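Asker: Supplied in structure tokens, the structure appears directly below.
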Amino acid sequence: ELVAALARLLVQAGVKDERIIIWDRDNAGTGVKGAYQRDRNYGFGPDSISRIVNGEATVLINIPGLKSHWLSGMAGALKNWCGAVTRINVRDKDTPFVIHKDSCADLGMLGALEPIRSRERLVIVDALRPLFEGGPQVNPAYLWHYGGIFAGTDPVAVDRLCLELLNRKRYEVRNRSWPVNPPAKHVFLADTKYGLGVSDRTRIDLVKVGEKKDRLL
13 ELVAALARLL
23 VQAGVKDERI
33 IIWDRDNAGT
43 GVKGAYQRDR
53 NYGFGPDSIS
63 RIVNGEATVL
73 INIPGLKSHW
83 LSGMAGALKN
93 WCGAVTRINV
103 RDKDTPFVIH
113 KDSCADLGML
123 GALEPIRSRE
133 RLVIVDALRP
143 LFEGGPQVNP
153 AYLWHYGGIF
163 AGTDPVAVDR
173 LCLELLNRKR
183 YEVRNRSWPV
193 NPPAKHVFLA
203 DTKYGLGVSD
213 RTRIDLVKVG
223 EKKDRLL
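Counting from 13, one number per residue, gives the positions in the sequence shown under my numbering.
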């Protein structure tokens, strides 16, 4: 529903319907209803990168769902680019993208790929019902109706705020410190090693809109 609403807004802003590709790994559809048609299969090129990223898209809008993750601590904007490449595996064997070692600390290498780095213009994180423990498999006991959306042009800053939200929710549940495990190292290394954005909380400008109750941030 969120993706379809964004597609409608793009059309209202002047983007031609047929120029919109709604895509999840190797399944894609065009136009506002593309998410439901699943009518095109672009696949991956010889470089193991999505042909949509390399050959079709001029602008990329990253729309992840927010969740904790047993491999990387959390999954948000940075980890969502795992869907843009193939030949990845947890053992990091025979892959050009060695992203799983050290709690997925080097996930930023995916966002640093060209043309992802230059074409990712907007991040919209679906935090309507985040998962704050476990993941990526969903245990309904750890879903909560937060009802939020994070939007920004800096994927690192957005992920930094999302990480803070998860940790605050976890503190609220146990009434003591309960940070995501493993630590989400990739959020900070995406800044310091890959230069993808800002992870320093004091330098992130958070504009809050909507209800204040249970916002946590």
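We treat Cβ as the ideally placed atom computed from N, Cα and C, and that holds for glycine. Treat the numbers as computed from the prediction; the structure is a model and nothing was measured.
When you compare each of GLY88, SER84, THR70 and GLY67 to PRO76 by their alpha carbons, which one comes out closest?
Answerer: Indexing the sequence shown from 1 puts residue 76 at position 64. Nearest of GLY88, SER84, THR70 and GLY67 to PRO76, Cα basis: GLY88.
Asker: When the Cα atoms are used, what is the spatial distance from GLU3 to GLU68?
Answerer: Look at the range of the chain in this structure, 13 to 229, and you will see that residue 3 is not part of it.
Asker: Can you give me the Cβ contacts of ALA124 inside the same chain, cut-off strictly under 7 Å, excluding the 5 residues immediately before and after it?
Answerer: Taking the first residue of the sequence shown as position 1, residue 124 is located at position 112. Same-chain partners within the cutoff: TYR206 and LEU208.
Asker: Pick from TRP35, TYR158, LEU177 and LEU155: whose alpha carbon is nearest that of ALA96?
Answerer: As a working note, residue 96 is residue 84 in the sequence shown. The candidate whose alpha carbon is nearest that of ALA96 is TRP35.
Asker: Is there contact here, the segment 127-142 with the segment 168-186, by at least three beta-carbon pairs under 8 Å?
Answerer: Yes: at least three Cβ pairs fall under 8 Å.
Asker: Which runs of the alpha helix (DSSP H), 4 residues or longer, sit entirely within the segment 22-103?
Answerer: Runs of the alpha helix (DSSP H) inside the segment 22-103: 46-49.
Asker: Starting from VAL137, trace the beta strand (DSSP E) in both directions and tell me its first and last residue.
Answerer: The residue given as residue 137 occupies position 125 in the sequence shown. Run containing VAL137: 132-143, per the beta strand (DSSP E) assignment.
Asker: For ARG133, which residues from the same chain have a beta carbon less than 8 Å from its beta carbon, with the 5 sequence-adjacent residues on both sides left out?
Answerer: Sequence index remark: in the sequence shown, residue 133 carries index 121 (1-based). Closer than 8 Å at Cβ, skipping near neighbours: VAL71, LEU72, ILE73 and THR165.
Asker: Can you check which of these residues, HIS112, CYS94, GLY85 and MET121, is closest to ARG172 by C-alpha distance?
Answerer: For the purposes of this step, residue 172 is taken as residue 160 along the sequence shown, with counting starting at 1. Nearest C-alpha to ARG172: GLY85.
Asker: By DSSP, does LEU201 sit in helix, in strand, or in coil?
Answerer: Within the sequence shown, numbered from 1, the residue matching residue 201 stands at position 189. LEU201: helix per DSSP, three-state reduction.
Asker: Out of TRP156, ILE100, PRO127 and GLY120, which has the shortest C-alpha to C-alpha gap to ALA4?
Answerer: The shown model of the chain, from 13 to 229, leaves out residue 4, and the question about it has no answer.
Asker: With DSSP run on the structure shown, which of helix, strand or coil describes LEU173?
Answerer: Against the sequence shown, residue 173 aligns to sequence position 161. DSSP places LEU173 in helix when its eight states are reduced to three.
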